[in-house]
């Protein structure tokens, strides 16, 4: 009697389990009978039965039949989910809900928000793509598969992806559907697994590129082109043609990270193509791949857009959007004439940079090397944050990461230098220095200032403490009419430059404050940009200019096996002077 009751309960459970696991309705009765025979044997031998772990106990042909129908089997083949932990895939499957469609029912419409993904259990669906091409998909296929890539997209979780195809039932269709809201729930629950997936992609690309150079299609096919809006994988020949075989006339500039060329793609888009100067250098390849993977997950108007890359050449080639007005560094510090950036335009740029950093931090990405040369400006002077070679992605449960200290003197967070612990507040400090450059038009590091003031942050904070704010602000752009606003921004910069990271605001707060300042300025318009000449376009892609200082701090346990500060500088200044530039001003505390 006890076994009978257990059989009845398990039979009811099985009736729910079969459709959720992709078993067509016409096959459910027969499969249920076969499973229940085995269930009864297990109960008679006093063994418990858990359906999710029961397949290995079944006859091999029945096990294979069921496995072939299961959505879990299909999800394992989705490129974006390859190597994903199986518990995540099972969690996705648990959210699948049975659904039936009749002939001519429209399931998905191209161009509309993608609210669900469909796993076809039985029947056929017509897939119509842009341009009119039509194909059929049947049992065990997916419609709306790009919903699975949504967590890796910059639109996640605020904006649904767009359906790239229309889907219509040809006849009666049995399906399992995954709602976007359920996908979001899975990602939030298993956030760390999705971040780890990023690391596996990086490792895969590094292995691909640092192994023997291979120009076969396999290399291109295995690159991560699956994310909606992800970079194009260019061939070496395509980029040669775009730059006229890297002709000198297309060369835009050269820096520490490589040479940048101006290219023209077949679709008439003008692009910037960065070519590493070091062939088969592990560090260069890893940094380039890191930058590509960071930017491939980002689609924000104030972050430079990576259009694509080439992995089959001897050196990694990166293709970016072309920015007409060069770097913010050049616009502020160009020689011969005063800056053409008005105070209002500078504040707009500051607000855009802050918004970009707040966005990155929300994506668990730390920039690590923010500076004015890594901010590019397009033809309308919209800010584009660049320079992601050293950027880091941190796990959700950690708000910091221990790392080899890298960055540029004058912008480096003093707390980061001392602890080798990178946090969001490290970017906040760097942003504070950028704000100072916008307010004062002075360089982050200058040997024209006294030793104690060579670091702009020290100079600015000491001036504020001494009541000399008016004297340090750029008098060409700041006047009686906008001084009150400049003063507010100065105090915001001061908060960003606090020695202790915990005392600094987060970038979301900074962005909100600057947006409020911009709204206030809109009510009292005045002052437009007066730009008289076009600068170099490539600073943010090339690396540091000749008067920048790059610091590399190695601590115990680093690969180099050494400790202390290793600083490179191109103007031959003494090490003592360079060390002084690191020491922060703390108001005498």
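Numbering (UniProt numbering), first residue to last: 1 to 589. Think of the CB as a built atom: it goes at the ideal place given N, C-alpha and C, for glycine as much as any other residue.
The DSSP-derived three-state label of residue 406 is strand. Shown here for residue 432: same chain residues with a beta carbon closer than 6 Å to its own, the five before and five after excluded, namely 493, 496, 497 in chain order.
The residue from 466, 352, 384 with its alpha-carbon nearest to that of residue 516 is 352. Cα atoms of residue 350 and residue 437: separation of roughly 10 Å, rounded to the nearest angstrom. In the pairwise beta carbon analysis, the segment 172 to 180 is classified as touching the segment 97 to 113: at least three pairs are separated by under 8 Å. In this structure the segment 134 to 146 lies against the segment 66 to 83, because at least three pairs of beta carbons, one per stretch, are closer than 8 Å. For residue 114 and residue 473, the gap between their C-alpha atoms comes out near 50 Å. Cβ contact annotation for residue 478 (same chain, cutoff 7 Å, sequence separation greater than five): 343, 486, in chain order. Each residue's CA atom was taken as its position, placing residue 471 and residue 442 some 12 Å apart.
Inter-residue distance for residue 181 and residue 25 is about 27 Å (C-alpha atoms, whole angstroms). Here the alpha carbon of residue 366 sits roughly 27 Å from the alpha carbon of residue 379. A buried status is given to residue 386, since no fewer than 16 other beta-carbon atoms sit within 10 Å of its beta-carbon. Two segments are said to touch when three or more pairs of C-beta atoms, one from each, lie closer than 8 Å; by this definition the segment 160 to 167 touches the segment 124 to 141.
By alpha-carbon distance to residue 453, the top candidate from 326, 410, 11 is 410. A distance of 9 Å or more separates the beta carbons of residue 244 and residue 361. Considering only 383, 481, 417, 469, the residue with the shortest C-alpha distance to residue 434 is 383. For secondary structure counted as the alpha helix (DSSP H) over 4 or more consecutive residues, the segment 78 to 142 holds these complete runs in sequence order: 86 to 94. The Cβ atoms of residue 364 and residue 317 do not sit closer than 9 Å to each other. With respect to residue 370, residue 331 sits apart: the two C-beta atoms are not nearer than 9 Å. Counting along the chain, no beta strand (DSSP E) covers residue 26; the unbroken alpha helix (DSSP H) around it starts and ends at 25 to 44. Within a 10 Å sphere around the beta-carbon of residue 348 sit 16 or more other beta-carbons, which makes this residue buried.
Counting along the chain, the unbroken beta strand (DSSP E) around residue 318 starts and ends at 317 to 321.
Where residue 386 is concerned, there is no enclosing beta strand (DSSP E), because DSSP gives it neither an H nor an E. The C-beta distance from residue 319 to residue 271 rounds to 5 Å, short enough to meet the 8 Å contact threshold. For residue 429, the enclosing alpha helix (DSSP H) stretches over residues 424 to 440. Where residue 3 is concerned, the enclosing alpha helix (DSSP H) starts and stops at 2 to 20. In the DSSP annotation of this structure, residue 473 is not part of any beta strand (DSSP E), being labelled neither H nor E. DSSP places residue 516 within a helical segment (H, G or I) once states are collapsed to three. Within the same chain, Cβ atoms closer than 6 Å to the Cβ of residue 139 are found at 120, 122, the five residues on either side in sequence being excluded.
The alpha-carbon separation between residue 19 and residue 503 amounts to approximately 55 Å.
For a cut-off of 8 Å, the C-beta gap from residue 252 to residue 261 is around 6 Å, short enough to register as a contact. Going by DSSP, residue 179 is part of the beta strand (DSSP E) stretching over 173 to 179. Taken in chain order, the whole alpha helix (DSSP H) runs of length 4 or more contained in the segment 229 to 253 are 236 to 242. If you draw a straight line from the Cα of residue 328 to the Cα of residue 475, it is about 19 Å long.
Listed in chain order, the non-local C-beta contacts of residue 3 below 6 Å within the same chain comprise 43, local neighbours out to five positions each way being set aside.
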